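Notes for the one structure printed next.
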Amino acid sequence: MDGTLQHLDGSAAAGAGLRPRLPAWKPDERAGKKPEGEWHDLPPAFIKALKTAVPFADTHPSAGAFMGVMLHEAHAYATCNSVLVEVECGGPVPEAVVPLALAQLLMKRRVPPTAMLASGGIVAFAWDDGTWIEFAFPHEVLAIVPAKFAEWREPEWEITTDWKEQYRAAAGTGGDRIVIGPTTISAGFGVSVVCCEAETPVEDETIWSPTVLAPVIELAERIDFTSHPTGGCFAFAGGRGLVACCR
58 MDGTLQHLDG SAAAGAGLRP RLPAWKPDER AGKKPEGEWH DLPPAFIKAL KTAVPFADTH
118 PSAGAFMGVM LHEAHAYATC NSVLVEVECG GPVPEAVVPL ALAQLLMKRR VPPTAMLASG
178 GIVAFAWDDG TWIEFAFPHE VLAIVPAKFA EWREPEWEIT TDWKEQYRAA AGTGGDRIVI
238 GPTTISAGFG VSVVCCEAET PVEDETIWSP TVLAPVIELA ERIDFTSHPT GGCFAFAGGR
298 GLVACCR
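First residue of the sequence shown: 58, per our numbering; consecutive thereafter.
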């Protein structure tokens, strides 16, 4: 985790891009035939896991599998190459990559899907009312993604509400780096620097990207900053993550 999680390389599959099929919220003569194959029941917490993971997915069209949420066993994974999250789905899910565009559509529906199919580059979801949606997305889950959590360590320090408020105050300056020290959090732009009092379990000043760290701080309940400059680990209800430091 030196600066980015750059060794999670999805470039080999990046060229295929998204090829959306017709979204069919209600089956009719235009929707075509519902995909055939092995449909799997989805755990009730699936959409909640998707909502937690989506903010960390890469948004660049060349990102390949990383421009989506990766499903493996009972977890959802997402990475923007600087942060990697693993979210519990509440039960087993088919192994597949849910493209970002499809994930965003799924989250817009008030009723969650109850079944999923993943086969031959096709990802499809179905609802109890007979509606369904299908996307062509040929990327596969990269084994290095779940394996990366072999480096994860249980963080012991709990982030308080007061600490988060001090962090937001410093990060709000708009600077391109934020410095977290034993007793202060500081950031600035040009000659203007804001320094907020906040105790953090680190021995020396640690330097981070506020853009990278912002969604982590909002989500995390526990975090470990002490491993700087090799990155950090964080935990939240129903999941965990890795975050890279600022070079």
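Just so it is clear, CB atoms sit at the ideal spot from N, CA and C, and this is done for glycine as well. Model, not experiment: these values are computed from the prediction.
- A direct Cα-Cα distance of roughly 20 angstroms separates G296 from S284.
- Pairwise C-beta distances place the region 267 to 278 in contact with the region 222 to 238, as three or more of them are shorter than 8 angstroms.
- Take T136, set aside five residues on each side of it, and the residues of its chain with a beta-carbon closer than 8 angstroms to its own are L62, L65, F113, A114, D115, F123, V142, V202, in chain order.
- By the Cβ neighbour-count rule, G177 is exposed, with fewer than 16 other Cβ atoms within 10 Å of its own.
- Counting the other CB atoms within 10 Å of its CB gives M164 a total below 16, which places it among the exposed residues.
- DSSP, read as helix, strand or coil, puts L199 in coil.
- DSSP places S119 in the helix class (H, G or I) of the three-state scheme.
- Short of 8 angstroms from the beta carbon of F282, and not among the five residues preceding or following it, lie these beta carbons of its own chain, in chain order: W214, I237, T257, P258, V259, T263, G289.
- Annotation for M164: the continuous alpha helix (DSSP H) segment containing it runs 157 to 165.
- In chain order, P170, M173, I190 place their CB closer than 6 angstroms to the CB of F182, counting only its own chain and leaving out the 5 sequence neighbours on each side.
- Counting the other CB atoms within 10 Å of its CB gives K205 a total of 16 or more, which places it among the buried residues.
- The beta carbon of I216 sits closer than 8 angstroms to the beta carbons of I274, A277, E278, R279, I280 from its chain, once the five residues preceding and following it are set aside; these are given in chain order.
- The beta carbon of T241 sits closer than 7 angstroms to the beta carbons of C252, C253, E254, A255 from its chain, once the five residues preceding and following it are set aside; these are given in chain order.
- T287 counts as exposed, since fewer than 16 other beta carbons sit within 10 angstroms of its beta carbon.
- DSSP lists M173 as the bridge partner or partners of H97.
- Collapsing the DSSP output to three states places T268 in a helix.
- Here A110 really is in contact with V144; their C-beta atoms are around 5 angstroms apart, less than 8 angstroms.
- For D233, the three-state secondary structure derived from DSSP is coil.
- Going by DSSP, I190 is part of the beta strand (DSSP E) stretching over 189 to 193.
- For I242, the uninterrupted beta strand (DSSP E) run begins and ends at 241 to 246, by DSSP.
- Annotated three-state conformation of W214 is strand, per DSSP.
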